[in-house]
Structures are given as C-alpha cells and as structure tokens.
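Enquirer:
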Amino acid sequence: MMNRYCILLLLCLLIWGCNDTSVVESPQTSKAEQTEVVVEEEVEVAVDVKVETGYIPFPKGYGYMENLGALQKATDEGNRKIIREHAWKLWAGIMQPAEGLGWPLWYTWSNTTAAFKAENSGKVGDEKSKSNASSGESLKTKNLKNMVNVDTKTPNYDLPQTVIDKYSGVITDGSIKDGANFQNNGDIMVATESLSQQAMDNIREKELYLTSTLDALHAKNEPINLVSKFIVTKHMYWPVKAEGITGVPVWKDNFPDTFPGYAGYEVWDTLVGIDPSGEQIGNTVKVEFLYGVKDYEKKPMSTVTAEAKVYGLDDFYYHKITQDDWDSFDEADKGILDAASYWANNQPIGVGDYLISIAMHVNTRELPSWTLQSVWWSDEPDKGQYAANRPELPQATGPWDHYLLTDDYAVPPNDKGELDIAVNPYIEGVIHPIATSCRNCHVRAGWPTGSTAGTAGYQNPDCPGLLTYLTPESPCLEKITLTDYSWIIPDRAISE
C-alpha cells in the first residue's frame, strides 16, 4: 500500500507541474464554475491511474487539457490556425492504439448505451458497464425525432432475412439493439459513441441518465454543467471483406452547399476500392456497393457501380477481426456487423475480415463552449480547406493525416453574421442537409425535447435557422434546460 501511495503522490506532483491550470475566462462560466474546473484537475489524478479496469485515458503529447488559456484566446479571436492544430492533435491522439488490443484507445471506453442503463453501471472499462441496455432504436432514428422543417428523405435499411433469422433475440421492431461494443446506426456505418471515464462518472453520479433528474432541473430552471474532462466521441467503422476488392463511397463535394435534399453516401457516385491483399493497389478497377437498401418511398435502390482507384488497408485506420474479437462480441455486436456487411458487400462478416475508420466526431469540454471537431477519410487528404493547419506529429501512429477535418469552436460569426458550415459528409450527410453546423446543433441540446415551441430540437419554431449564430444565452433557447452541448443526455435519458 505504501508503494501505491508513493506512486500516486509522485504522479500528482508531476501532473501539478505539467498541467495548465489557468482558469478559462468565459462569459458563459461563473466564478464558481471556474473554481470547480481547477479543483477537478486535482481530484481526478487518482482516477486516471486506475488502469486495472482496462480503461486507457487520453494520451499525453496531443494537446488535450493543455494551454487552455491560449486556446480560449484563439477561440475568442477566431484564430483558426491555433484551433485547427489543436483539433488535429485531438483526432490523432484519440486514435492511438491500445497496447496489446489492436484497437484504438477509445475502444477501452464505455459507450453511451452503458451510461444510460437503469442499474449501476460501475466504472468505465468494467465488463458490466459495457453490457447491452438498448431499446433497439437506431442512432439515426433518435436524431430524426427532433426535426421540424428538415426532411432529407432518408433511405430505408430493412434487415436482411439472414440476419433476422440468426440474431432474432436482439431484434426489436425490425431494429437491432445496441451491442456491448458497437451501436446500431441504422445503416452501413458501424457506430460507437464513447465516453471518457470522467464523462461516464459525471452522468452516473449526477443521475443525468434519468428523465426525472432532467425534469427536476427543468422545474428549477437549472442548466447542466458537465465536468471539464468530459469527452464524447462518435466513431464510424465500415466493413471490408478480406477477399476481393471492397467498394467504399468517398465524398467529392458531390452536392453544392445549397442542396436541400438527401446527400448521404448512398447517392454518391464516387467510389474507391480497398484491396486487403495489396495486389491491386494503384490500379483502377470496377467496384460496387449497396445491396438490399430502399429509398424514402421504399423502392429498391440500385447497387452503386463505378470505376475506382484501389487503396490498401494502410491508407486507413483499420482493425482485423480476430477470433478473440469475435468471441468478445455479444449477439447484438455481431448482428450490427453482419447487417452492415450485407448492405455494403452482400456478404456476411466474420473472423479475418476488416473494419476501417471512415469518420469520427470528437467533442471535448476543455472550454466552457466546448471543442467540436470531426474527420472523414479522403482520397485527396492534402487538398482544400479541410486539410489546412495539419501539424507535424511524429509521435502519432497510423494514417491520421489521410483524413480531412472540420472544426466548429465558438469563434465570432462570419461576415453574414452566421456560423460557417461545419458538417461531416458521412455522419451528418445521412440525416442533415449540407448547410448545417455542429455548433448550431449542439448548443440546442436540452430538455424537454420535441418539435414544438418551448422544446429542444435540431430545428424548432423558436430558432429555425441551421446556421444562426446561437449561444446558450440566445433568447430562443431560454425556455429549455440546456444540457451543455450534449445531445446524448436528452436523447438517451430513461424513466425509472
């Protein structure tokens, strides 16, 4: 025990000396809140070193929770160079490998399904905290609930009969429940919404997973203030078969910003090929994807076929599914993966096949106004505004620089008095119009949810503009209880 206390004391001293504990001044943060942020850094040291649970914290050397005063100043002044360099580091850091697992470190974090279970979930990393507690409602369905005038006419993904027969125990109303490791996005993309340990503890200890807690806060007109080390991510895998060449849609500005209709990957005509064997890399071959999917009117969509340049696995963050992996997946995990592979490749998935990282959101509460960054894979990673300000990170493992990045920090409004467009073509493309903003969406997060005046939604009668420069103090948000830029709380809160 004495050795453990000595180690903890040494770590505390090291962290105290290295961390930037400057208080971030913000018009949205009271003096009491500022004090809480500093104290929190001290009490969380012991939590961070509790590696016995399997949880791997965000790594040092990637800017996380560092130089926050300078980051706040850059945000206030709209210094995109500093902002984007920070955003790139967060993306590279979150994708660093979990030693001995073959997965990125976020894979050791609990997902949002576990955070909103009725029973006590325990600490992040515990097996029981990863267990299934899903209603079967997909992430896309949750997101589409709180919209009014936006109608992007999303396609219909009916489960293949083979998947229904094989995984009937985890299917409700034609939808697969969330798994221990993966969550049902309702389409080809295999989703995981991950939470840092501090985020998980914040939700559980404050009982923010309960609608009764949210109702009580709303009755008292008290907004939620989450802890500064709250991180929530949304990562998307794409299934790739070990044999042959897999076709994957790639965004090439397929629609103009003004396009009001559905712009998801199903209607892109630009593909790349992925050859796990490496034999066809650099060649142009015919590839295809999309099987068994119906359009908004439930008419069969055609399989997308195109001539495509072939890439190798090393151009992506990827994971090869091992037997140990397969044994660790629960039935819902397997059902989600299998359905995705049938829709993408017209084949089941299994041991020896691959998952490639296609897109990811990384949201942190390092600042009271949050840092919001989102990435997607590109075959032209050095072209255009979303490649800008990429720093040199020699310590980073993997092709983090083969992705493009959009950021949406609380910078001053643009020349139109609005927010700039900030959208991930893979993640937002399947539910939102192109002309939208991460910040405009997340600042609206609140309770109660709905599509009428006085409720929180992606778009509602009180504040309908999708690029309107909104802040927590905006009059159109005053009737709702804000949940601190976090839609996972109102979207997933459960009744006791």
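In our numbering, the protein residues as written are 4 to 499. We put the CB at the ideal spot given by N, CA and C, even for glycine.
Could you check the C-alpha separation between lysine 323 and methionine 363 for me, to the nearest Å?
Expert: Approximately 19 Å between the Cα atoms of the pair.
Enquirer: Let me check understanding here. Comparing Cα to Cα, which of Gln99, Ile359, Lys232 and Tyr268 lies closest to threonine 374?
Expert: Measuring from the Cα of threonine 374, the nearest candidate turns out to be Lys232.
Enquirer: Given 7 Å as the limit, tell me if serine 199 has its C-beta closer than that to any heavy atom belonging to the ligand MG.
Expert: Looking at this structure, you won't find the ligand MG or any other ligand, since it has none at all.
Enquirer: Less than 6 Å between C-beta atoms, sequence neighbours within five positions excluded: which residues of the same chain meet that for alanine 425?
Expert: Around alanine 425: Thr409, Asp411, Ser440 and Cys441.
Enquirer: To test your reading of the DSSP string, which unbroken beta strand (DSSP E) runs of 3 or more residues are found completely within the region 410-475?
Expert: Entirely contained in the region 410-475, not one beta strand (DSSP E) run reaches 3 residues.
Enquirer: Quick one: measure Cβ to Cβ for serine 2 and phenylalanine 332, integer angstroms, because I've assumed they're closer than 8 Å.
Expert: Only positions 4 to 499 of the chain appear in this structure, which leaves residue 2 out of reach.
Enquirer: Is the region 238-255 touching the region 273-282 in the sense that three or more CB pairs, one from each, lie closer than 8 Å?
Expert: As far as the Cβ criterion goes, the region 273-282 touches the region 238-255, which means the pair count is three or higher.
Enquirer: Please go through the same chain and pick out, in chain order, the residues whose beta-carbon is closer than 6 Å to the beta-carbon of isoleucine 97, but skip the five residues on each side of it.
Expert: Result list for isoleucine 97: Trp109 and Val365, in chain order.
Enquirer: Should asparagine 187 be labelled buried (16 or more other beta-carbon atoms within 10 Å of its own) or exposed?
Expert: Per the 10 Å Cβ criterion, buried.
Enquirer: Within 10 Å of its beta-carbon, does threonine 116 have 16 or more other beta-carbons around it, so buried, or fewer, so exposed?
Expert: Result: buried.
Enquirer: Quick one: using the 10 Å Cβ neighbour count with 16 as the cut-off for buried, is alanine 219 buried or exposed?
Expert: Result: exposed.
Enquirer: Compute the distance between the beta-carbons of valine 270 and glutamate 291, then report whether it is under 8 Å.
Expert: Not closer than 8 Å, so no.
Enquirer: Please determine if the region 230-247 and the region 193-202 are in contact, where contact requires at least 3 C-beta pairs separated by less than 8 Å.
Expert: At 8 Å Cβ cutoff, the stretches touch.
Enquirer: Reducing DSSP to helix, strand and coil, say where tryptophan 241 ends up.
Expert: Strand at tryptophan 241.
Enquirer: Can you check DSSP and say which residues form a bridge with asparagine 313?
Expert: The residue you asked about is not asparagine; residue 313 is valine in the sequence shown. Valine 313 is bridged to Gly276.
Enquirer: Between which two residues does the alpha helix (DSSP H) harbouring histidine 89 extend?
Expert: It spans 83-97 - the alpha helix (DSSP H) in which histidine 89 sits, taken as one unbroken run.
Enquirer: Please report the distance separating the alpha-carbon of asparagine 114 from that of threonine 195.
Expert: Distance between the alpha carbons of asparagine 114 and threonine 195: 7 Å.
Enquirer: Give a yes or no on whether the C-beta atoms belonging to leucine 469 and alanine 438 are separated by under 8 Å.
Expert: Yes, they are a contact pair.
Enquirer: Pick out whichever of Asn392, Ala342, Thr367 and Ile227 has its Cα sitting closest to the Cα of proline 475.
Expert: Looking at the Cα atoms, Ile227 is the closest of the given residues.
Enquirer: Is the CB-CB distance between lysine 244 and aspartate 356 below 8 Å?
Expert: Taking 8 Å as the Cβ cut-off, lysine 244 and aspartate 356 qualify as a contacting pair.
Enquirer: Quick check on DSSP: helix, strand or coil for asparagine 338?
Expert: Sequence check: residue 338 is glycine here, not asparagine. Glycine 338: helix per DSSP, three-state reduction.
Enquirer: Taking all protein chains shown into account, decide if glutamate 501 is buried (16 or more other Cβ within 10 angstroms of its Cβ) or exposed.
Expert: Look at the range of the chain in this structure, 4 to 499, and you will see that residue 501 is not part of it.
Enquirer: What do you reckon, are the CB atoms on isoleucine 497 and phenylalanine 262 nearer than 8 Å?
Expert: Cβ atoms of isoleucine 497 and phenylalanine 262: not closer than 8 Å.
Enquirer: Less than 8 Å between the CB atoms is what I'm expecting for glycine 242 and asparagine 348, so what's the real figure, rounded?
Expert: Just to set this straight, residue 242 is proline in the shown sequence, not glycine. Yes, proline 242 and asparagine 348 are in contact; Cβ-Cβ is about 7 Å, under 8 Å.
Enquirer: For threonine 367, which beta-bridge partners are listed by DSSP?
Expert: Ile234 and Thr374, per the DSSP bridge assignment.
Enquirer: For the beta strand (DSSP E) holding histidine 322, just list the boundary residues, first then last.
Expert: Unbroken beta strand (DSSP E) run through histidine 322: 321-323.
Enquirer: Look at the alpha carbon of proline 493 and the alpha carbon of threonine 214, and state the distance between them as a whole number of angstroms.
Expert: Approximately 8 Å, taken between the alpha carbons.
Enquirer: Taking the straight line between their C-alpha atoms, what separation do you get for alanine 77 and leucine 71?
Expert: For alanine 77 and leucine 71, the distance between alpha carbons rounds to 10 Å.
Enquirer: Of all the options Val414, His221, Tyr170 and Leu293, which has the alpha carbon lying nearest to the alpha carbon of serine 372?
Expert: Looking at the Cα atoms, Val414 is the closest of the given residues.
Enquirer: Just checking my contact of alanine 266 with glycine 432 at CB under 8 Å: how many whole Å lie between their CB atoms?
Expert: Alanine 266 to glycine 432, Cβ: 5 Å. Contact.
Enquirer: With distances taken from CA atoms, which of Asn224, Pro397, Lys312 and Tyr429 is nearest glycine 457?
Expert: Answer by Cα proximity: Asn224.
Enquirer: Please report how far the alpha carbon of proline 163 lies from the alpha carbon of tyrosine 67, in whole angstroms.
Expert: If I take the Cα positions, the gap works out to 42 Å.
Enquirer: For glycine 453, tell me which candidate among Arg393, Lys156, Ala222 and Thr484 has the shortest Cα-Cα distance.
Expert: Closest option to glycine 453, Cα to Cα, is Thr484.
Enquirer: May I have the straight-line CA-CA distance separating phenylalanine 61 from proline 100, to the nearest angstrom?
Expert: So the two alpha carbons sit approximately 11 Å from each other.
Enquirer: Taking C-beta to C-beta, are threonine 157 and tyrosine 268 nearer than 8 Å?
Expert: Cβ atoms of threonine 157 and tyrosine 268: not closer than 8 Å.
Enquirer: Assign arginine 495 to one of three DSSP states: helix, strand, or coil.
Expert: Here arginine 495 sits in helix by DSSP.
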